[in-house]
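Written below as structure tokens is the structure these notes are about.
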Amino acid sequence: MSAAFQDLVDLAGERFGAVVVAANDDFFAPKDNLIKHGAPVWIEAKYTNRGKWMDGWETRRLREPRAEPYDWCVIRLGAAGLVRGVDVETTHFKGNYPESCAVDVASGFSRTTAEMKSRTTEWREILKQTPLKGDAHNLFAIDDAPRATHLRLRIFPDGGVARLRAYGEAVADWERLRRRSEVDLAAAEHGGLVVACSDMFFGSRHNLIMPGDATHMGDGWETRRRRGPGHDWTIVRLAAPGTIHRVEIDTRHFKGNAPAACSLEGSADERTWTELLRRTPLTAHATHTFELSGGVGSITHVRFNIYPDGGVGRLRLYGTPT
């Protein structure tokens, strides 16, 4: 069963730029596995010189009393943001998952291991100690979390977690961004969000505005083959209201399934749409750049139409925030 917050960006995702910076222990399975993009896998009869190979983060069994009754792992988020929900996934951890967990966040936190241990007052708890289920997605909604740059997962007393997802909204430093000549107003790392689409059978709509270039077809937005009339579309809520001057549409990796054409519309109220880019042919496996002359003033949302269907790796909407 999914939760509404899973429609947001995974701020702790490896592909979003997050990094695991420290953990007190990862004896059985390395801490970096915690934020991998792919689903955890199980390989029967695969062992290392420390025990069963596991696709996750797993600590040794606690034997001696200690001041902290938990193990911990710290992640630097891909962008500063507000965490709205977490998924503490224990898939394949059936007899070795933690009894419970808690989640804390901090902003502007030092990255050294020693200070992460000692400067506990900088952490703010956003999920109190809560029981976990083994071999499951443990979904927890978060209310009133502050803007954060780092997240700490605490597990009680020890054990293994396959993946940690921290879904939320990026909060950009617009005072700094406004000093640039132009900004990608759609970028997920700035707070952009793909809020809806007609179809995403083969590739998630969220991929369109992720950082970096798409690395393969599965890293873009791709719809199924349309057999009837009409066309596919997606709607992006811009990170900030603004005027768009330049559009980049990247169909690289889509060689036999790129759209034949595209168009772009903008809106300031999600009801009235104005054409920004008329229907224009696209080329497979290529990067396209379109300059927009005149503009339509400040907008908050963009509707990206593709004809009739297909796949696009990335959509960049460069402009000036207002």
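Count the sequence shown with our numbering and you get residues 1432 to 1753, in order.
All C-beta atoms in this analysis are idealised placements derived from N, C-alpha and C, irrespective of residue type, glycine included.
Note that the structure is a prediction, hence the values are computed from the model and not measured.
1) Within its chain, find whatever has a CB closer than 6 Å to the CB of Ala1619; leave out the 5 residues flanking it on each side and keep chain order.
2) Under the three-state reduction of DSSP, which class applies to Arg1446: helix, strand or coil?
3) When we look at the beta-carbon of Ala1449 and count the other beta-carbons within 10 Å, is it buried (16 or more) or exposed?
4) Where Leu1669 and Thr1521 are concerned, what is the direct C-alpha to C-alpha distance, given to the nearest angstrom?
5) Applying the 10 Å Cβ sphere with the 16-neighbour rule, what's the burial state of Pro1752?
6) Please report how far the alpha carbon of His1523 lies from the alpha carbon of Trp1488, in whole angstroms.
7) Going by beta carbon distance, what residues of the same chain come within less than 6 Å of Gly1482, once the five residues before and after it are set aside?
8) Per DSSP, which residues does Glu1600 bridge with? Please list them.
9) In the structure shown, what three-state DSSP assignment does Ala1545 receive?
10) Do the CB positions of Glu1706 and Glu1722 come within less than 8 Å of each other?
11) Please classify Ile1666: does DSSP put it in a helix, a strand, or coil?
12) Does any residue of chain C have a CB that is nearer than 8 Å to the CB of Gly1516?
13) Is Lys1559 helix, strand or coil by DSSP?
14) Do Val1592 and Ile1557 have their C-beta atoms closer together than 8 Å?
15) To which residues of the same chain is Leu1616 closer than 8 Å at the C-beta, ignoring the five residues directly before and after it?
16) Any contact of the stretch 1630-1638 with the stretch 1726-1735, i.e. 3+ C-beta pairs under 8 Å?
17) Is Pro1461 near the ligand MG, judged by its Cβ being under 7 Å from some heavy atom?
18) For Ile1573 and Ser1724, what's the separation of their Cα atoms in angstroms?
19) Using DSSP with H/G/I as helix, E/B as strand and the rest coil, what is Lys1483?
20) Are Trp1605 and Gly1742 closer than 8 Å when you measure CB to CB?
21) Work out the CA separation of Pro1577 and Leu1570 for me, nearest whole Å.
22) Note down the Cα distance separating Pro1588 from Ala1454, rounded to an integer number of angstroms.
23) At the level of alpha carbons, what is the spacing between Ala1545 and Ser1433?
24) If you count every other CB in all the chains shown that lies within 10 Å of the CB of Glu1682, and 16 or more means buried, which is it?
25) Under the three-state reduction of DSSP, which class applies to Phe1721: helix, strand or coil?
26) For Ile1675, name the three-state secondary structure that DSSP assigns.
27) Output needed for Pro1739: all residues of its chain with C-beta closer than 6 Å, excluding positions within five of it in sequence on either side, in chain order.
28) Using a Cβ-Cβ cutoff of less than 8 Å, which residues in the same chain neighbour His1647 once the five nearest sequence positions on both sides are dropped?
29) So, at 6 Å on beta carbons, what are the nonlocal neighbours of Leu1493 in its own chain, with the 5 sequence-adjacent residues on each side left out?
30) Tell me the rounded alpha-carbon separation between Asp1575 and Pro1690.
31) Based on the DSSP output, what are the partners of Trp1652 in its beta bridges?
32) Can you list, in chain order, the residues of its chain with a C-beta nearer than 6 Å to that of Ser1549? Leave out the 5 residues immediately preceding and following it.
Answer, in terms of the structure:
1) Start at 1 with the first residue of the sequence shown, and residue 1619 comes out as number 188. Once the five neighbours on either side are set aside, the close Cβ partners of Ala1619 are Val1440, Ile1640, Met1641.
2) The residue labelled residue 1446 in the question sits at position 15 within the sequence shown. Arg1446: helix per DSSP, three-state reduction.
3) Locating residue 1449 in the sequence shown gives position 18, counting from the first residue. With 16 or more Cβ atoms within 10 Å of its Cβ, Ala1449 is classed as buried.
4) Numbered from 1 along the sequence shown, position 238 holds the residue referred to as residue 1669. Numbered from 1 along the sequence shown, position 90 holds the residue referred to as residue 1521. Rounded to the nearest angstrom, the two C-alpha atoms are 34 Å apart.
5) Position 321 of the sequence shown, counted from the start, is the residue given in the question as residue 1752. With 16 or more Cβ atoms within 10 Å of its Cβ, Pro1752 is classed as buried.
6) The residue labelled residue 1523 in the question sits at position 92 within the sequence shown. The residue labelled residue 1488 in the question sits at position 57 within the sequence shown. About 12 Å.
7) Mapped onto the sequence shown, residue 1482 falls at position 51. If you ignore the 5 residues before and after Gly1482, its C-beta comes within less than 6 Å of the C-beta of Phe1459, all in its own chain and listed in chain order.
8) In the sequence shown, counting from the first residue as 1, residue 1600 sits at position 169. According to DSSP, Glu1600 bridges with Leu1513.
9) Along the sequence shown, read from residue 1 onward, the residue named residue 1545 stands at position 114. Low per-residue confidence applies at Ala1545: pLDDT is 47, beneath 50, and the placement is therefore not dependable enough to give any value.
10) Here residue 1706 corresponds to residue number 275 of the sequence shown, with the count starting at 1. Here residue 1722 corresponds to residue number 291 of the sequence shown, with the count starting at 1. Not in contact: Glu1706 and Glu1722 (Cβ atoms no closer than 8 Å).
11) As a first step, residue 1666 is located in the sequence shown; it is residue number 235 there, counting from the start. Residue state, collapsed to three classes: strand.
12) Going by chain labels, chain C is absent from the structure shown, which holds only one protein chain.
13) Your numbering for residue 1559 matches position 128 in the sequence shown. In the structure shown, Lys1559 sits in a strand (DSSP, three-state: E or B).
14) As a first step, residue 1592 is located in the sequence shown; it is residue number 161 there, counting from the start. As a first step, residue 1557 is located in the sequence shown; it is residue number 126 there, counting from the start. Cβ atoms of Val1592 and Ile1557: not closer than 8 Å.
15) By one-based count along the sequence shown, residue 1616 stands at place 185. Result list for Leu1616: Gly1623, Leu1669, Ala1670, Ala1671, Gly1673, Ile1675, Leu1748, Tyr1749, Gly1750, Pro1752, in chain order.
16) no
17) The ligand MG is not part of this structure, which contains no ligands at all.
18) Translated into positions along the sequence shown, residue 1573 becomes position 142. Translated into positions along the sequence shown, residue 1724 becomes position 293. Straight-line Cα distance between these residues: approximately 43 Å.
19) Within the sequence shown, numbered from 1, the residue matching residue 1483 stands at position 52. Lys1483 falls in the strand class under three-state DSSP.
20) Along the sequence shown, read from residue 1 onward, the residue named residue 1605 stands at position 174. Along the sequence shown, read from residue 1 onward, the residue named residue 1742 stands at position 311. No, the pair does not count as a contact, with Cβ atoms beyond the cut-off.
21) Counted from its first residue, the sequence shown places residue 1570 at position 139. Counted from its first residue, the sequence shown places residue 1577 at position 146. Their Cα atoms are separated by approximately 19 Å.
22) What you label residue 1588 is simply residue 157 of the sequence shown in a count that begins at 1. What you label residue 1454 is simply residue 23 of the sequence shown in a count that begins at 1. Cα to Cα, Pro1588 sits roughly 14 Å from Ala1454.
23) On the sequence shown, position 114 is the one that residue 1545 refers to. On the sequence shown, position 2 is the one that residue 1433 refers to. For Ala1545, the predicted model reports a pLDDT of 47, less than 50, meaning its position is unreliable; a value from the coordinates is still stated below. Ala1545 and Ser1433: Cα-Cα distance of roughly 37 Å.
24) Stepping through the sequence shown from its first residue, residue 1682 is reached at position 251. First, the amino acid is wrong: residue 1682 is Thr here, not Glu. Buried is the call here.
25) In the sequence shown, counting from the first residue as 1, residue 1721 sits at position 290. Of the three classes helix, strand and coil, the one that applies to Phe1721 here is strand, per DSSP.
26) As a first step, residue 1675 is located in the sequence shown; it is residue number 244 there, counting from the start. In the structure shown, Ile1675 sits in a strand (DSSP, three-state: E or B).
27) By one-based count along the sequence shown, residue 1739 stands at place 308. So the list reads Arg1657, His1662, once near-sequence residues are dropped.
28) Position 216 of the sequence shown holds residue 1647. Around His1647: His1684.
29) Walking along the sequence shown from the start, residue 1493 turns up at place 62. Same-chain partners within the cutoff: Pro1588, Asp1589.
30) Your numbering for residue 1575 matches position 144 in the sequence shown. Your numbering for residue 1690 matches position 259 in the sequence shown. Looking at the two C-alpha atoms, the distance is approximately 41 Å.
31) Along the sequence shown, one-based indexing puts residue 1652 at 221. Answer is Val1743, bridged to Trp1652.
32) Indexing the sequence shown from 1 puts residue 1549 at position 118. Bear in mind that a pLDDT of 45 at Ser1549, under 50, signals an unreliable position, so the number given afterwards is only what the model happens to contain. No residues qualify anywhere along the chain.
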